[in-house]
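Chemist: Before I ask anything, let me first share the structure, which is written out below as structure tokens.
2 protein chains.
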Amino acid sequence: MGRPRQFDPDAAIDSAMDLFWRKGFTDTTPQDLAAELGIGKGSLYNTFASKRALFDLALRRYVDLRAAGVTATLDQPGTARERLRAALRRLADADATLTSRGCLAVNTAVELAGTDEDATRTVRQLFDRLEGAFRTVIEEGQASGEIAAGRDPGQLAALVLTSFLGMSVLAKTTDADRIRHTIDAVLATL
Amino acid sequence: MGRPRQFDPDAAIDSAMDLFWRKGFTDTTPQDLAAELGIGKGSLYNTFASKRALFDLALRRYVDLRAAGVTATLDQPGTARERLRAALRRLADADATLTSRGCLAVNTAVELAGTDEDATRTVRQLFDRLEGAFRTVIEEGQASGEIAAGRDPGQLAALVLTSFLGMSVLAKTTDADRIRHTIDAVLATL
DNA sequence: TTGATTCTGTACCTAGCGGTCAAGAATCGC
DNA sequence: GCGATTCTTGACCGCTAGGTACAGAATCAA
């Protein structure tokens, strides 16, 4: 009972994710959030405990979305190489475009790691999931003879992950073309 | 004439660089800076136009220090591979240690790119300088037969740069050991 | 000395932050 | 219809940010 909520909290988290993604945690104010969600500040704080709590939900959603997106792409049919390229493209496109906001997880790592253990853990979780997914495809590629079997798949996966993180940084200072070239460079080494 | 300044502005920039490096631009307050430099806020603003202007000086200094350090390491005697490893180690050690503050340029790219064209340019300058230096060593390695000559040196240099940026991000969430492993992974692909 | 000049510390200013609260509006069970 | 309950709006609050003003302290030229 009681007055029904006049907005969808779930959609609100999506919008909040978008804002935090574009502006970062610190530079996003409660005003900004309320305006973006189209609600009053009171409703915001009535539904979410604090700016920080909302950010947590948004970050978790981002991590789930990314992880799911990448594994889905990697599970598509095709050679290991093709699937890896598609996955990196997908990540890069989602992150690099739209005023080059980069990757929320990377942005958060840089902004909050060291001061916020919770956020750091969530970010690390995404990194680990991505690395694990990369490793699986690489091993498949090695099994099919498509990728040289001599090299440690864990090492290769670490390289791919690190390159992706680097691309997310690069995306903030350069154009999408350079990102695509970098993807080529990564795949050429496998 | 007039009362002589009671602190060294040059040393002040160094201290400021250190603070900005650890806490980021937004989270560093004029109070913090004055305290760290051991001077009053009045002196701070009498010497430097604004927090932003001080940051600019600090960032430029960082860029010069890094660029000089890397080229110096790469100019040392040794094989191309050895020199590259030393350079990456040096970068990683300077950036990863000490409460894992990462790389000031990377941090700045993530925090300020998109809203601050000046800072973005300065950061991009460092990235370009690093990539250029990497490329030179790689070409030397190819000439001496130490690195496979078949691959585009520009592509390899882009890969090394991107990996370094990725490591700077990773450094904020993981321990130094993982960074060292990643360096190995990068060198193994050359 | 005295003045002109430039530094120094501290009090102060305005704006905006993250967050709270009171008054009213919807909904429900009865 | 009437409470009880929960949401919504918008005014409000304490605090700190980035920055300024000002009175005093050093210096130098004359």
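So the protein sequences, as listed, match chains F and R. 32 is the number that the UniProt record's numbering gives to position 32 of the first sequence; each next residue is one higher, with no gaps. 67 is the number that the UniProt record's numbering gives to position 67 of the second sequence; each next residue is one higher, with no gaps. Ideal placement from N, C-alpha and C gives every residue a C-beta, glycine not left out.
1) Could you check whether the segment 171-188 of chain F touches the segment 67-76 of chain R, counting it as contact only if at least three pairs of C-beta atoms, one from each stretch, sit closer than 8 Å?
2) Do you know whose CA, among F:R52, F:A143, F:L84, lies nearest F:A188's CA?
3) Alpha carbon to alpha carbon, what distance is there between R:L37 and R:A12?
4) Looking at chain F, which residues of the UniProt domain "HTH tetR-type" (6-66) of chain R have a Cβ within less than 9 Å of any of its Cβ atoms?
5) Considering only residues of the same chain and omitting the five flanking positions on each side of R:L88, which have a CB-CB separation below 6 Å?
6) Does F:L190 come out as helix, strand or coil in the three-state DSSP assignment?
7) Taking only the alpha-carbon atoms, compute the straight-line gap between R:R66 and R:G102 and give it to the nearest angstrom.
8) Starting from F:R51 and walking both ways along the alpha helix (DSSP H), at which residues does that stretch end?
9) Once DSSP output is grouped into helix, strand and coil, what is the label at R:R81?
10) Buried or exposed for F:L98, going by 16 or more other Cβ atoms inside 10 Å?
11) Excluding the five sequence neighbours on either side, which residues of its own chain have a C-beta within less than 8 Å of the C-beta of R:G24, listed in chain order?
12) Which residues bound the alpha helix (DSSP H) around R:D116?
13) At what residues does the alpha helix (DSSP H) containing F:D175 begin and finish?
14) Quick check: F:A185 and R:L159, are their CB atoms within less than 8 Å of each other?
15) Near R:L54, what residues of its chain come up, given a Cβ to Cβ distance below 6 Å and the 5 sequence neighbours on each side ignored?
16) Assign F:D115 to one of two classes, buried (16 or more other C-beta atoms within 10 Å of its C-beta) or exposed (fewer than that).
17) For F:E146, return the contacting residues in chain R, with the cut-off set at a CB-CB distance below 8 Å.
18) Do you know whose CA, among R:G150, R:R3, R:T162, lies nearest F:T173's CA?
19) Within the same chain, show all residues whose beta-carbon is closer than 8 Å to that of F:D32, passing over the 5 residues directly before and after it, in chain order.
20) What is the DSSP secondary structure of F:A105, reduced to helix, strand or coil?
Modeler: Reading from the atomic positions:
1) no
2) F:L84
3) 6 Å
4) R22, K23, G24, T26, D27
5) I183
6) coil
7) 13 Å
8) Checking the displayed sequence, the identity of residue 51 of chain F turns out to be Lys instead of Arg. Here the alpha helix (DSSP H) through F:K51 covers 51-75.
9) helix
10) For F:L98, the predicted model reports a pLDDT of 43, less than 50, meaning its position is unreliable and no value from the coordinates is stated.
11) N107, E111
12) Counting along the chain, R:D116 falls outside any alpha helix (DSSP H), and DSSP gives it neither H nor E.
13) Where F:D175 is concerned, there is no enclosing alpha helix (DSSP H), given that its DSSP letter is neither H nor E.
14) A contact, by the Cβ cut-off of 8 Å.
15) Closer than 6 Å at the Cβ level, and outside the excluded window around R:L54, lie A16, F48.
16) As written in the sequence, residue 115 of chain F is Thr, which differs from the Asp given in the question. The residue is exposed, with fewer than 16 neighbouring Cβ atoms inside 10 Å.
17) Going along chain R, no residue has its Cβ under 8 Å from F:E146, so there is no contact; the nearest lies around 17 Å.
18) Nearest in C-alpha terms to F:T173, of all of R:G150, R:R3, R:T162, is R:T162.
19) L19, K23
20) helix
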